[in-house]
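Chemist: Here UniProt numbering is used: the first residue of the sequence shown is 1, the next is one more, and so on. Don't be surprised by glycine CBs; every beta carbon is placed ideally from N, CA and C. Since the model is a prediction, treat every value here as computed from it, not as a measurement.
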Amino acid sequence: MGRMYSAEFENVAVTAAQDFFELLAADDKPIAIHAVYLSQSSDVGDSEEEMLRVKIIRGNATSGSGGSSSTPAPLNPADTAAGTTVEVNNTTEASTGTEVDIHCEAFNVRTGFAFIPTPEMRPIVSEGAGTMIVV
């Protein structure tokens, strides 16, 4: 198995459509998504309950903007730094290129979103295939 890294953000108010994570693989270093978790801690009443759509897509050639970078942390402290570039919370969504929907679903904001694919179903992206994005 290859090296495993984690990228995250927290305590961010999301009020409009955006790219939660944008992953760009380094040259000759493809990446696979092993899990994605999204949750919130502010809306707790029934009146705030809503369903939100989330997609995992591959293939955009132009990066989004308006967010920040996230430095992937190695799960094994002896591993080297990740070659992958990670941006989080891009308010201007990535565009251009042939976009391929990998996974689409809706989730309830009170229960959160957990995407934990089996090894055969893990989305993979290489440097030449564009970026992998969770919207």
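How would you label Ile31, buried or exposed, when you count the other beta carbons within 10 angstroms and need 16 or more for buried?
Modeler: Ile31 comes out buried.
Chemist: Identify whether Pro119 lies in helix, strand or coil by the three-state DSSP scheme.
Modeler: It is helical.
Chemist: In chain order, which continuous runs of the beta strand (DSSP E) of length 3 or greater are located wholly inside the segment 2-77?
Modeler: Qualifying beta strand (DSSP E) stretches, in chain order: 19-24, 36-38, 51-60.
Chemist: Would you decide whether Asp28 is buried or exposed? Buried here means 16 or more other CB atoms lie within 10 Å of its CB.
Modeler: Under this definition Asp28 is an exposed residue.
Chemist: I'd like the list of long-range same chain contacts for Ala73, defined as Cβ closer than 7 angstroms, with 5 residues on each side in sequence excluded.
Modeler: Excluding residues within five positions, the ones whose Cβ falls inside 7 angstroms are Tyr5, Ser6.
Chemist: Return the CA-CA distance between Arg58 and Asp101, expressed in angstroms with no decimal places.
Modeler: Looking at the two C-alpha atoms, the distance is approximately 7 angstroms.
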